[in-house]
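Enquirer: Please find one structure pasted underneath; my questions will follow.
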Amino acid sequence: MVLGFAITGHCNLRCPHCIRDDVVRVQELEPELIERVLDDAIALWPGALRVSLTGGEPLIHRRFDDIITSIATRGLSYSFVSNAWHLKRIVPLLAKYPAAGIRLSLSGADEVVHDAERGTGSYRRVLMGVALLTRLRIPASLSIVIDRRTRHQIREAANLAESMGCARIHFILPQPVPGSVIRDTDLAPEEWWPVAREVRALAQEPGHATVIQLDYGAPFDGPEIPCDTFGLHRTYVDARGRLSTCCQLSEYGNNETDVVADLHDTTLALAWPTYVDRLREQQRISAPMSACARTEAASLPRRGSAAIELPVLASNVVTIAESDPFDALPCIRCARATGKMEWLEAYPNSTWHAARSRIPSHLDPVLA
Amino acid sequence: MIDTLRPSPDVLVSHLHDETVLLHMGSKRYFHLNDSGQRIWQLLESGVQPSSLAERMQQEFDVAPEVAREGVSALLTSLQTLGLLEPALVA
Chain P
31 MVLGFAITGH CNLRCPHCIR DDVVRVQELE PELIERVLDD AIALWPGALR
81 VSLTGGEPLI HRRFDDIITS IATRGLSYSF VSNAWHLKRI VPLLAKYPAA
131 GIRLSLSGAD EVVHDAERGT GSYRRVLMGV ALLTRLRIPA SLSIVIDRRT
181 RHQIREAANL AESMGCARIH FILPQPVPGS VIRDTDLAPE EWWPVAREVR
231 ALAQEPGHAT VIQLDYGAPF DGPEIPCDTF GLHRTYVDAR GRLSTCCQLS
281 EYGNNETDVV ADLHDTTLAL AWPTYVDRLR EQQRISAPMS ACARTEAASL
331 PRRGSAAIEL PVLASNVVTI AESDPFDALP CIRCARATGK MEWLEAYPNS
381 TWHAARSRIP SHLDPVLA
Chain F
85 MIDTLRPSPD VLVSHLHDET VLLHMGSKRY FHLNDSGQRI WQLLESGVQP
135 SSLAERMQQE FDVAPEVARE GVSALLTSLQ TLGLLEPALV A
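Those protein sequence lines, which keep their order, are chains P and F.
In terms of this note's numbering, the first sequence opens at residue 31 and continues consecutively.
In terms of this note's numbering, the second sequence opens at residue 85 and continues consecutively.
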């Protein structure tokens, strides 16, 4: 089990594509709450727990050292995501308690594109961050969002990671946010497919020492695999100490439908059954329409008169899947089903505008 | 005018407690200097002439003159070859 904590809500950068609704208000998760949740989690998943830290920007937590010490002294491995601005400052801490891996975020594969988004000097901080981590023998990974600004930089980003000796590079197809819609940098839903194919093809090329990974949320070519959260391999506590059904949905879309329980008021163990119930409901309401139809088809008797009906249902599967442009995008479906895309109502020109409704209206007759 | 060596502007430097990490932005290759290498780099950054480095190292690290000379010479050669140092003329 990977236990994720957003230890800060705020960030020192202001990336327009950031999925968090508010990175300005200072919000820190109390180390004491983290310790209590860690102890609960150790009891729930003994010997099978890893910790992942995110934010906001985790390194600007004023008691970051205390948090890492709490994790490491409990014998747990940890990793975190960072923009690398403050990495050098924590080198002594990392030397004492090495992370299992650290992921540094890119907004571009070169200095011009990256720094246009994150400010002068950001790119150099990331690259120096990789060098410092390598010196510490901590596996360094890069991640890059692919949007209109970076669409042409997929191979360049992979080459950068390779030349820097990174363990991995993650390609992320980012959920639309008001900032990205306003400046029109979102790729359209249909543009996600060629990106996914390009990244997958790149990953198949021989000779890479760096693992090339397309992060979850991209369209599946074949059968959809549930995300780690739905698979109960990952859970998440937000920067306000609340158990959330997903780190991608947390603080996104201006609603809190992802929040299950405030861990200031209850324990992880007590909240867990409710969490699992909520997760299953979320999984149900966000299931792909094509899968619903397939399930329906599979439940029919396979002999006798029903055999005649199956081809009809099979054709429906195709019709439904083709009619919903978001059906193959699992994270978008989840965000849509939980009402976290409703803000798109205000942006009729966005290529994602159709994702604003919880249930696509044109599918209602089929669902009925 | 004096021939000297200076850190390349393409190099990012991160000084840690007892070592220095150098990253060449062009080649994306990075290197680390141990404490004596770190000291040589710092002296160059502060404008000390390469011809004076061996004597300074001999004093600070308590080594024989020939050891200091050979060590400094080898490091400067490597740093130039890797593009981390470049020739410069100073008044």
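For each residue, glycine too, the CB sits at the ideal point set by N, CA and C.
Please report the residue range of the beta strand (DSSP E) in which Val156 of chain F lies.
Expert: Residue 156 of chain F sits at position 72 when you count from the first residue of the second sequence. Unbroken run through Val156 of chain F is the alpha helix (DSSP H), Pro149 to Thr165; no beta strand (DSSP E).
Enquirer: Output the boundary residues of the beta strand (DSSP E) element that contains Thr104 of chain F.
Expert: By one-based count along the second sequence, residue 104 of chain F stands at place 20. Its beta strand (DSSP E) spans residues Thr104 to His108.
Enquirer: Closer than 8 Å, CB to CB, is Arg167 of chain P near chain F or not?
Expert: Within the first sequence, residue 167 of chain P is the residue found at index 137, counting from 1. Arg167 of chain P is outside the set of residues whose beta carbon lies under 8 Å from a beta carbon in chain F.
Enquirer: Taking just the CA atoms, how far does Arg153 of chain F sit from Arg44 of chain P?
Expert: For the purposes of this step, residue 44 of chain P is identified with residue 14 of the first sequence, where counting begins at 1. For the purposes of this step, residue 153 of chain F is identified with residue 69 of the second sequence, where counting begins at 1. Each residue's Cα considered, the two are about 50 Å apart.
Enquirer: Go through its chain and collect everything with a Cβ distance to Pro92 of chain F's Cβ below 8 Å, but skip five positions before and after it.
Expert: Here the question's residue 92 of chain F lines up with position 8 in the second sequence. Per the sequence presented here, residue 92 of chain F reads as Ser, with Pro not at that position. Once the five neighbours on either side are set aside, the close Cβ partners of Ser92 of chain F are His108, Gly167, Leu168, Leu169 and Glu170.
Enquirer: Restricting to Cα atoms, I'd like to know which of P:Lys370, P:Cys364, P:Thr240 and P:Asn113 is closest to Tyr282 of chain P.
Expert: If you number the first sequence from 1, residue 282 of chain P lands on position 252. When only C-alpha atoms are compared, the closest one is P:Lys370.
Enquirer: For a test of the three-state rule: what should DSSP assign to Gly295 of chain P, helix, strand or coil?
Expert: Numbered from its first residue, the first sequence carries residue 295 of chain P at position 265. This sequence places Asp at residue 295 of chain P; Gly is not what is there. It is coil, neither helix nor strand.
Enquirer: According to DSSP, is Leu166 of chain P helix, strand or coil?
Expert: Along the first sequence, read from residue 1 onward, the residue named residue 166 of chain P stands at position 136. DSSP places Leu166 of chain P in coil when its eight states are reduced to three.
Enquirer: Between the alpha carbons of Ile362 of chain P and Thr215 of chain P, how many angstroms are there, rounded?
Expert: Here the question's residue 362 of chain P lines up with position 332 in the first sequence. Here the question's residue 215 of chain P lines up with position 185 in the first sequence. For Ile362 of chain P and Thr215 of chain P, the distance between alpha carbons rounds to 17 Å.
Enquirer: Taking Asp288 of chain P and Leu279 of chain P to be in contact with their CB atoms under 8 Å, please state how far apart those CB atoms are, rounded to whole angstroms.
Expert: Position 258 of the first sequence, counting from 1, holds the residue named residue 288 of chain P. Position 249 of the first sequence, counting from 1, holds the residue named residue 279 of chain P. Sure, about 4 Å apart at Cβ, within 8 Å.
Enquirer: Mapping the DSSP letters down to three states, classify Asp94 of chain F as helix, strand or coil.
Expert: As a position in the second sequence, residue 94 of chain F is number 10, starting the count at 1. When secondary structure is reduced to three states using DSSP, Asp94 of chain F falls in the coil class, being assigned neither helix nor strand.
Enquirer: Pull the bridge partners of Gly34 of chain P from the DSSP assignment, please.
Expert: The sequence position of residue 34 of chain P within the first sequence is 4, counting from 1. P:Ser82 and P:Tyr266.
Enquirer: Taking just the CA atoms, how far does Ile90 of chain P sit from Asn42 of chain P?
Expert: Within the first sequence, numbered from 1, the residue matching residue 42 of chain P stands at position 12. Within the first sequence, numbered from 1, the residue matching residue 90 of chain P stands at position 60. The C-alpha of Ile90 of chain P is placed about 8 Å away from the C-alpha of Asn42 of chain P.
Enquirer: Leaving aside the five residues before and after Ala239 of chain P along the sequence, list all residues of the same chain whose C-beta is less than 8 Å from its C-beta, in chain order.
Expert: Reading the first sequence from its first residue, position 209 is the one you call residue 239 of chain P. Here the set comprises Glu192 and Gly195.
Enquirer: Find the residues of chain F that neighbour Arg148 of chain P, judging by a C-beta separation of less than 7 Å, and give them in chain order.
Expert: As a first step, residue 148 of chain P must be located in the first sequence, where it is residue number 118. Within 7 Å Cβ-Cβ: nothing; Arg148 of chain P doesn't reach chain F, min ~16 Å.
Enquirer: Just to confirm the assignment, what range does the alpha helix (DSSP H) spanning Glu192 of chain P have?
Expert: For the purposes of this step, residue 192 of chain P is taken as the residue at position 162 of the first sequence. Note, Glu192 of chain P: alpha helix (DSSP H), Ile184 to Ser193.
Enquirer: Within 10 angstroms of the Cβ of Glu150 of chain F, are there 16 or more other Cβ atoms? Answer buried if so, exposed if not.
Expert: Here residue 150 of chain F refers to the residue found at position 66 of the second sequence. Glu150 of chain F should be labelled exposed.
Enquirer: Consult DSSP for Gln243 of chain P and reduce its assignment to one of helix, strand or coil.
Expert: As a first step, residue 243 of chain P is located in the first sequence; it is residue number 213 there, counting from the start. DSSP places Gln243 of chain P in strand when its eight states are reduced to three.
Enquirer: Would you mind listing the alpha helix (DSSP H) stretches within the region 87 to 159 of chain P that are 4+ residues and don't spill past its ends, in chain order?
Expert: 94 to 103, 121 to 126 and 141 to 148
Enquirer: Please classify Ser329 of chain P as buried or exposed, where buried requires at least 16 other C-beta atoms within 10 Å of its C-beta.
Expert: Indexing the first sequence from 1 puts residue 329 of chain P at position 299. Only weak support exists for where Ser329 of chain P lies, its pLDDT of 38 falling under 50; the value from the coordinates is given anyway. Counting Cβ neighbours within 10 Å, Ser329 of chain P comes out exposed, since fewer than 16 surround it.
Enquirer: For the region 191 to 210 of chain P, which residues have a beta carbon sitting closer than 8 Å to at least one beta carbon of chain F?
Expert: Ser193 and Met194
Enquirer: Does any residue of chain P have a CB that is nearer than 8 Å to the CB of Val105 of chain F?
Expert: Within the second sequence, the letter at position 21 stands for residue 105 of chain F. Closer than 8 Å: yes.
Enquirer: Restricting to Cα atoms, I'd like to know which of P:Arg55, P:Ile49, P:Gln57 and P:Leu74 is closest to Leu33 of chain P.
Expert: As a first step, residue 33 of chain P must be located in the first sequence, where it is residue number 3. Ranking the options by Cα distance to Leu33 of chain P, first place goes to P:Leu74.
Enquirer: I want to verify the contact list: residues of chain P whose CB lies under 9 Å from the CB of Ser120 of chain F, in sequence order.
Expert: Walking along the second sequence from the start, residue 120 of chain F turns up at place 36. Going along chain P, no residue has its Cβ under 9 Å from Ser120 of chain F, so there is no contact; the nearest lies around 17 Å.
Enquirer: Name the chain F residues whose beta carbon is nearer than 7 Å to that of Lys118 of chain P?
Expert: Within the first sequence, the letter at position 88 stands for residue 118 of chain P. Chain F residues near Lys118 of chain P: Ser98.
Enquirer: For a cutoff of 8 Å on Cβ pairs, would you count Leu89 of chain P as touching chain F?
Expert: Walking along the first sequence from the start, residue 89 of chain P turns up at place 59. No, no contact with chain F.
Enquirer: Give the residues of chain F in contact with Leu134 of chain P, contact being defined as C-beta atoms less than 8 Å apart.
Expert: One-based indexing of the first sequence puts residue 134 of chain P at position 104. Under the 8 Å cutoff, chain F gives no residues; its nearest Cβ is about 13 Å from Leu134 of chain P.
Enquirer: Based on DSSP bridge pairs, tell me the residues matched to Arg198 of chain P.
Expert: Sequence index remark: in the first sequence, residue 198 of chain P carries index 168 (1-based). DSSP, once it has assigned bridges, lists P:Ser171 and P:Val241 as partnering Arg198 of chain P.
Enquirer: Mapping the DSSP letters down to three states, classify Phe260 of chain P as helix, strand or coil.
Expert: Translated into the one-based positions of the first sequence, residue 260 of chain P becomes position 230. Correct three-state label for Phe260 of chain P: coil.
Enquirer: Can you tell me the Cα-Cα spacing of Leu159 of chain F and Gln122 of chain F, whole angstroms?
Expert: Counting from 1 along the second sequence, the entry for residue 159 of chain F is found at position 75. Counting from 1 along the second sequence, the entry for residue 122 of chain F is found at position 38. Those two C-alpha atoms are separated by around 11 Å.
Enquirer: So, is the C-beta of Arg154 of chain P closer than 8 Å to a C-beta in chain F?
Expert: Looking up residue 154 of chain P in the first sequence gives position 124. Chain F contact via Cβ: present.
Enquirer: Just to make sure I have the definition right: I need the residues of chain F whose C-beta is within less than 9 Å of the C-beta of Val143 of chain P. Which are they?
Expert: Mapped onto the first sequence, residue 143 of chain P falls at position 113. The contacting residues do not exist; Val143 of chain P stays about 15 Å from chain F at best.
Enquirer: If we cut at 8 Å on Cβ distances, does Leu123 of chain P have a partner in chain F?
Expert: The count along the first sequence starts at 1 and reaches residue 123 of chain P at position 93. With 8 Å as the cut-off, Leu123 of chain P does not count as an interface residue toward chain F.
Enquirer: Are any of the Cβ atoms in chain F nearer than 8 Å to that of Ala239 of chain P?
Expert: One-based indexing of the first sequence puts residue 239 of chain P at position 209. Judged by the 8 Å Cβ criterion, Ala239 of chain P is not in contact with chain F.
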